[in-house]
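**Student:** Under our numbering, the first residue of the sequence shown carries the number 45, and numbering increases by one thereafter.
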Amino acid sequence: MSRRLQLALNVNDIGEAVTFYTKLFGTKPAKIRPGYANFAIAEPPLKLVLLENPGQGGSLNHLGVEVPDTGTVEAEQARLAEAGLAAVEECDTTCCYAQQDKLWVQGAPNGESWEIYTVLADSPTFYGEGHGPECCGGPGGHTGQPAQAETRCC
Numbered sequence: 045m046s047r048r049l050q051l052a053l054n055v056n057d058i059g060e061a062v063t064f065y066t067k068l069f070g071t072k073p074a075k076i077r078p079g080y081a082n083f084a085i086a087e088p089p090l091k092l093v094l095l096e097n098p099g100q101g102g103s104l105n106h107l108g109v110e111v112p113d114t115g116t117v118e119a120e121q122a123r124l125a126e127a128g129l130a131a132v133e134e135c136d137t138t139c140c141y142a143q144q145d146k147l148w149v150q151g152a153p154n155g156e157s158w159e160i161y162t163v164l165a166d167s168p169t170f171y172g173e174g175h176g177p178e179c180c181g182g183p184g185g186h187t188g189q190p191a192q193a194e195t196r197c198c
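Structure below.
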């Protein structure tokens, strides 16, 4: 897998949003869970993530870049540090129904959140064991923000 852009949107109604985006992109979701869906769109290469947050529909949740492996996450961490951009790592974390290694880039001029991540495995739960909305927000409250500053762990 090469890199692909991720766009995470807040939606008022997950079912209505899935129906619309299935028609728009001509493909079914790769994953559907309560309050959550994602599309792995081949053309244009896009990971579209829908997070049900009633009252927040139509707003950006966060942006991201999906990369092929943990080594690429580590290389991006080093590149961003050299460029003077702060990044918070979350390694071996469960979020969005997937076990991931990721980092969050902080300091975008307009406050938008960017994550660079790789999926390690599927997960039956939105969060990891012992975590809840404080971890990364979750359906109905996903903030698109890292849980907390962590030290390098990947």
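Beta carbons: idealized from backbone N, C-alpha and C, even for Gly.
Everything numeric in this text was worked out from a predicted model, so none of it was measured.
1) Going by alpha carbons, who is nearest to Arg12 out of Asn105, Ala125, Glu87?
2) As a quick exercise: from Ser157, Thr137, Gln150, pick the residue whose alpha carbon is nearest that of Ala165.
3) Just mark Pro89 as buried or exposed, buried being the case when its beta carbon has 16 or more other beta carbons within 10 Å.
4) Can you tell me the Cβ-Cβ gap for Glu120 and Val111, rounded? I've got them flagged as a contact below 8 Å.
5) By the 10 Å Cβ neighbour count, where 16 or more other Cβ atoms means buried, how is Asp145 classified, buried or exposed?
6) If we define contact as Cβ-Cβ less than 8 Å, is Pro73 a contact residue for chain D?
7) If you draw a straight line from the alpha carbon of Ser46 to that of Asp113, how long is it in whole angstroms?
8) Please report the Cβ distance between Ile199 and Val109, rounded to the nearest whole angstrom; I am assuming they are in contact, meaning their Cβ atoms lie under 8 Å.
9) Can you find the residues in the same chain that come closer than 8 Å, C-beta to C-beta, to Tyr80, ignoring five residues on each side of it along the sequence?
10) Between the Cα of Phe69 and the Cα atoms of Ala122, Trp158, Thr116, Ala84, which residue gives the shortest distance?
11) Relative to the alpha-carbon of Pro98, which residue among Thr63, Leu53, Phe64 has its alpha-carbon at the smallest distance?
**Tutor:** Well, looking at it:
1) Because the chain here runs from 45 to 198, residue 12 falls outside it and cannot be looked at.
2) Measuring from the Cα of Ala165, the nearest candidate turns out to be Thr137.
3) Exposed, by the Cβ-count rule.
4) Correct: roughly 7 Å between the Cβ atoms.
5) Taking all protein chains in view, the Cβ of Asp145 is crowded by 16 or more other Cβ atoms within 10 Å, so the residue is classified as buried.
6) Note that chain D does not occur in the displayed structure, where there is just one protein chain.
7) Each residue's Cα considered, the two are about 10 Å apart.
8) Nothing in the structure corresponds to residue 199, since the chain is present only between 45 and 198.
9) If the five residues before and after Tyr80 are omitted, its C-beta is found closer than 8 Å to the C-beta atoms of Ile58, Val93, Leu94, Leu95, Glu96, Cys140, Tyr141, Phe170, Pro183, all from its own chain and listed in chain order.
10) The candidate whose alpha carbon is nearest that of Phe69 is Ala84.
11) Pro98 has its Cα closest to that of Leu53, out of Thr63, Leu53, Phe64.
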